[in-house]
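Data first, discussion second: the structure below is written as structure tokens.
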Amino acid sequence: MSKKAQQLAARYGRKSDIIEIAREILEEQYRQSAFTNPDCAVVTTSESLEVRKWGLIPFWCKTPEDADKMRKFTYNARSETVFELPSFRGPILSKRCIVPSTGYFEWRHEADGTKTPYFIFVRDLEIFSFAGVCDTWQNKLTGEVLNTFSILTTQANQLTGFIHNNPKTGNRMPVILHVEEEEKWLDPSLKRPDIAAMLRTFDSERMDAHTVKSDFLKKNPKDSSILL
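All residue numbers for the sequence shown refer to our numbering, where the first residue is 1447 and numbers rise by one.
Here you go:
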């Protein structure tokens, strides 16, 4: 097992039986768009890391067509409405998960109509945790089982608000958990007020970002050649 894989296993106290594939997936997550419904490494109450597809499909979807339509709208779950929307109100109470990350990309909309890509990360954490919700859907016709998830979002902080300034979606950022909150977030017995208390904006002072070249999707963000 590689050093990086060992670090990921140790970081979340999980077994390493699928850690290698999870490590490879985590490295690919740098470049993946949610719109491709990629496989991602996810932490749940399971003793091992899980691999789930990005774009939550509620268990109650009846047909593959319904499932495909649904997942186009569930890459993210807004913390302001997550307890009310049918897709999320069950998972937020009992099927929460953690999505490990080393950083993520966002585009800033410039006044001249162009967009500038940024890589955003947490300064003091090599691997940090997005708050997520998950569900499992089964195709009744084929028996295929899809394990899926969504990432929670909240109001942006000063840093991420400057970057994520999309006029259509507003100033948003993923919900980032503090290390001491991670196991608590996964506790299925946690009550709504305690869950809601963790859906807050992460401290801007602990985060940083830098611009990258527009072809960053073809490279690893740790590769200095993507820097402007």
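Every residue, glycine too, gets a C-beta built ideally from N, C-alpha and C. A quick note: this is a predicted structure, and the numbers were derived from the prediction, not measured.
- The C-alpha of S1540 lies about 43 Å from the C-alpha of A1557.
- For the 8 Å CB-CB criterion, I1566 and G1578 do not form a contact.
- Judged by DSSP in its simplified three-state form, D1512 adopts helix.
- Nearest C-alpha to L1598 among M1644, R1498 and D1570: M1644.
- Here DSSP, grouped into helix, strand and coil, assigns L1539 to helix.
- The alpha-carbon separation between E1530 and T1600 amounts to approximately 15 Å.
- In the three-state DSSP reduction, G1578 falls in the strand class (E or B).
- Shortest Cα-Cα distance from N1593 to any of V1528, D1654, R1542 and R1535 involves R1542.
- Remark: C-beta atoms of Y1564 and E1552 approach each other more closely than 8 Å.
- E1511 and R1652 have their alpha carbons spaced roughly 42 Å apart.
- For E1628, the enclosing alpha helix (DSSP H) starts and ends at E1628 to L1632.
- In this chain, the beta strand (DSSP E) harbouring F1551 covers Y1550 to H1555.
- For the 8 Å CB-CB criterion, D1649 and R1569 do not form a contact.
- Residues of the same chain with a CB within less than 6 Å of the CB of T1606, apart from the 5 flanking positions on each side, are M1619 in chain order.
- Out of G1559, W1631, D1514 and T1560, the CA that lies nearest to the CA of I1622 is found in W1631.
- Of the residues K1508, A1487, P1546 and D1640, the one whose Cα lies closest to the Cα of K1499 is A1487.
- In the displayed model, T1647 falls within coil according to three-state DSSP, outside both helix and strand.
- For I1597, no alpha helix (DSSP H) encloses it; the enclosing beta strand (DSSP E) starts and ends at V1591 to Q1601.
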